[in-house]
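J.: From first to last, the protein sequence lines are chains P and C.
Under the working numbering, the final residue of the first sequence carries the number 177; numbering is consecutive throughout.
Under the working numbering, the final residue of the second sequence carries the number 1177; numbering is consecutive throughout.
Sharing a structure here in C-alpha cells format.
Number of protein chains: 2
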Amino acid sequence: MNRDDDLGRHSGGHEDSFSDVEHRIEITRQRLPGYPLEHARLARLITHMQKLQTDICNAVLKPYELNYVTYTALMMMYGSEEQTLTPSELSNATGEKPTNVTRICDELLRKGLIERYPSVEDRRRVVLRLTAQGERQVEQFQPKIWKALDKIYGQLSQAELRQVTGLLRRPLSNLDG
Amino acid sequence: MNRDDDLGRHSGGHEDSFSDVEHRIEITRQRLPGYPLEHARLARLITHMQKLQTDICNAVLKPYELNYVTYTALMMMYGSEEQTLTPSELSNATGEKPTNVTRICDELLRKGLIERYPSVEDRRRVVLRLTAQGERQVEQFQPKIWKALDKIYGQLSQAELRQVTGLLRRPLSNLDG
DNA sequence: TAGGAATAATTCATTAATGAAATATTAAAA
DNA sequence: TTTTAATATTTCATTAATGAATTATTCCTA
C-alpha cells in the first residue's frame, strides 16, 4: 500500500501511486484500438479517491467505533428535517443497498445513536431518527473529519472544487435527472 | 434505489438522485459552523459515482462471471509489461488490500485467466500473469465496458474529462507524491 | 370494494473484504 | 557472519455487503 513498494520494477523513479495506473491505461490504449483512455482514467481515479477517503475517514472514526458508512448514515440524518429519514431514503442517500441499511441501523440503534419506529402515515415505512446522543456524537467527531477532508482536498481552491463537482455531477443528472 | 422512491417526502419534485444529498449537506452547513460544504459535497459525489460505475460495470460483466474488482485486476495485468504483475503491485493498482488480492487471484486462477508462479529474482515475490485465455476474455468484454463508460461519462467532452481528471488527481500527488 | 400489482422493509443464506497473525525470504546492522 | 529488521504473501477468523425470498401494507383498477 506504500508508494515505494515496487520501486524499480515496472516503473522507474515515479511521482505518485496513481502514475503507474495511468501508465498501464496508456499501454492498454496502445494495445486496444478504440479504448476510451480518458473515460478509463477518470473511472479509475474515482475508485482510487473513494478508497482513499474511506480509509482516511475510517482511521479518524475508529476511536468512536464508527466507519465511513455508519458515519455517512448519521450525517444524512443530521442534515434531514427533524433528523428523520426512512430506510429507503437512507439507501438513496448513502448508496447502500436496502438490506445493508437494515444492518447498519441495527448497529446504530444498538449504540443508541438513532431510534426506529413505524411510520404513522404509511405503515409499510419505518422512521429513523437521530437521537440527542447521536447528535452530540456527530458534533464531536465532525471537526476531525474536516481535518481529514482538508488533508485530502485542501490543495483545491473553492473555485476548483466547484468546477470538479459541477463536472462530476453531470453524469448523475443525465442518468436519472 | 430509484429516483422516485421517496417522492413527496422531504424533497418536492426533484431533479436527480443527488440533489437530496446536496440539500442535506446544505442543512448541515447551517447547523454546523465551520462545516466544509464543498469538501463534503465532493467526497459524497465521489462515493456516489464510484457506486454508480461499479453497479453499471457489474451488470455488464455478469455474463462473464466477473465483477468490477476482478475486471480491474485483469485490466491492470493487460496494461503491464509482459502482462505480468506481483500481488503487491496489483494491490496498489486496484486499491484492494493484499489479503483480498490473494482471494481475487485464486478465483482468476481457477478460471484459467491468469497464472501464478514464484519470482526467480526475489523468492518472496509471486508473479501473476494474464494467460492467453485471459487476454481473449479481456478483448471480448472490453467493447461492452466502453459502452457502459460512455453511458456514464459520455456527456463530458475530452477537455472536460481532462479538466476533472487533472483536478481530482491532485490530492493523490499531494498525499504521496 | 375485491383482487392484483407495487412498494417498504426485513430475514436468511451466501459471497466479499478486512485485520491479525504466520511463514518465508531478503536486506541491513552489529 | 550472525542477528535483527523489513518486505511479500498467505492463512484464518471475523465482519461487511449482497441477492433472493418473505411479510406487511398501500395503491390501483376493473
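Glycine included, each C-beta is placed from N, C-alpha and C at the ideal position.
Values in this document were obtained by computation on a predicted structure and should not be read as measured data.
Could you name the residues that DSSP lists as bridge partners for C:Val-1127?
T.: Answer is C:Tyr-1117, bridged to C:Val-1127.
J.: Between the C-alpha atoms of C:Arg-1044 and P:Met-49, what's the straight-line distance to the nearest angstrom?
T.: One C-alpha to the other measures close to 11 angstroms.
J.: When the distance is taken between beta carbons, is C:Leu-1156 closer than 8 angstroms to P:Leu-167?
T.: Yes, Cβ-Cβ distance for P:Leu-167 and C:Leu-1156 is below 8 angstroms.
J.: Would C:Glu-1065 be called buried (16 or more neighbouring beta carbons within 10 Å of its own) or exposed?
T.: By the neighbour-count rule (16 or more Cβ atoms within 10 Å), C:Glu-1065 is not buried but exposed.
J.: Is the Cβ of C:Gln-1142 closer than 8 angstroms to any Cβ of chain P?
T.: Yes, contact with chain P.
J.: For C:Gln-1131, return the contacting residues in chain P, with the cut-off set at a CB-CB distance below 7 angstroms.
T.: The sequence shown places Thr at residue 1131 of chain C, not Gln. Result: empty, since nearest Cβ-Cβ is about 16 angstroms, beyond 7 angstroms.
J.: Under 7 angstroms Cβ-Cβ, which residues of chain C neighbour P:Lys-51?
T.: Within chain C, the residues near P:Lys-51 are Gly-1095.
J.: Can P:Gln-158 and C:Glu-1096 be called in contact, C-beta distance under 8 angstroms?
T.: No.
J.: Below 8 angstroms between beta carbons: does that hold for C:Gly-1134 and C:Ile-1114?
T.: It is a contact, given that the beta carbons lie within the stated cut-off.
J.: Okay, do the segment 70–86 of chain P and the segment 24–33 of chain P touch, 3+ Cβ pairs below 8 angstroms being the bar?
T.: Because the criterion of three Cβ pairs below 8 angstroms is not met, the segment 70–86 of chain P and the segment 24–33 of chain P do not touch.
J.: Along chain C, in chain order, which residues have C-beta atoms closer than 9 angstroms to that of P:Tyr-71?
T.: Near P:Tyr-71 there are no residues of chain C at all, since even the closest Cβ is about 11 angstroms away, more than 9 angstroms.
J.: Please classify C:Ser-1017 as buried or exposed, where buried requires at least 16 neighbouring CB atoms within 10 angstroms.
T.: Result: buried.
J.: In chain C, which residues lie less than 7 angstroms from P:Ala-43 when you measure between Cβ atoms?
T.: Ordered by position in chain C, the residues that pass the 7 angstroms Cβ test against P:Ala-43 are Gln-1053 and Leu-1149.
J.: Who are the Cβ neighbours of P:Ala-93 in its own chain at under 6 angstroms, not counting the five residues just before and after it?
T.: Excluding residues within five positions, the ones whose Cβ falls inside 6 angstroms are Met-76.
J.: Give me the chain C residues within the contact set of P:Arg-162, using Cβ-Cβ distance strictly less than 7 angstroms, ordered along the chain.
T.: Those within 7 angstroms of P:Arg-162 in chain C are Glu-1038.
J.: Check distances from the C-beta atoms of the segment 1114–1131 of chain C to those of chain P and list, in chain order, the residues that come in under 9 angstroms.
T.: If the cut-off is 9 angstroms between Cβ atoms, the segment 1114–1131 of chain C has nothing near chain P.
J.: Which bits of chain P does C:Thr-1165 rub up against, with CB to CB less than 8 angstroms?
T.: In chain order: Glu-38, Arg-41, Leu-42 and Leu-45.
J.: With 16 other CB atoms within 10 Å as the buried threshold, where does C:Tyr-1068 fall?
T.: Result: buried.
J.: So, with DSSP's three-state summary, where would you put P:Leu-149?
T.: DSSP places P:Leu-149 in helix when its eight states are reduced to three.
J.: Can you name the start and end residues of the alpha helix (DSSP H) that C:Arg-1089 belongs to?
T.: Note on identity: in this sequence residue 1089 of chain C is Glu, with Arg being the wrong assignment. From DSSP, the alpha helix (DSSP H) with C:Glu-1089 extends over 1087–1094.
J.: Find the nearest neighbour of P:Lys-111 within the set P:Ile-25, P:Arg-170 and P:Arg-136, judged by alpha-carbon distance.
T.: For P:Lys-111, the nearest C-alpha among the options comes from P:Arg-136.
J.: Under 8 angstroms, do P:Ile-145 and P:Val-60 count as touching if we go by C-beta distance?
T.: Against a cut-off of 8 angstroms, the Cβ pair of P:Val-60 and P:Ile-145 comes out as a contact.
J.: Output needed for P:Asn-58: all residues of its chain with C-beta closer than 8 angstroms, excluding positions within five of it in sequence on either side, in chain order.
T.: Cβ neighbours of P:Asn-58 beyond the five flanking positions: Asn-67 and Tyr-68.
J.: Say whether chain C places a C-beta atom closer than 8 angstroms to the C-beta of P:Tyr-153.
T.: At least one chain C Cβ lies under 8 angstroms of P:Tyr-153.
J.: Assuming P:Thr-70 and P:Ile-104 form a contact by the criterion Cβ under 8 angstroms, report the distance between their Cβ atoms to the nearest whole angstrom.
T.: Contact holds; Cβ gap of about 6 angstroms.
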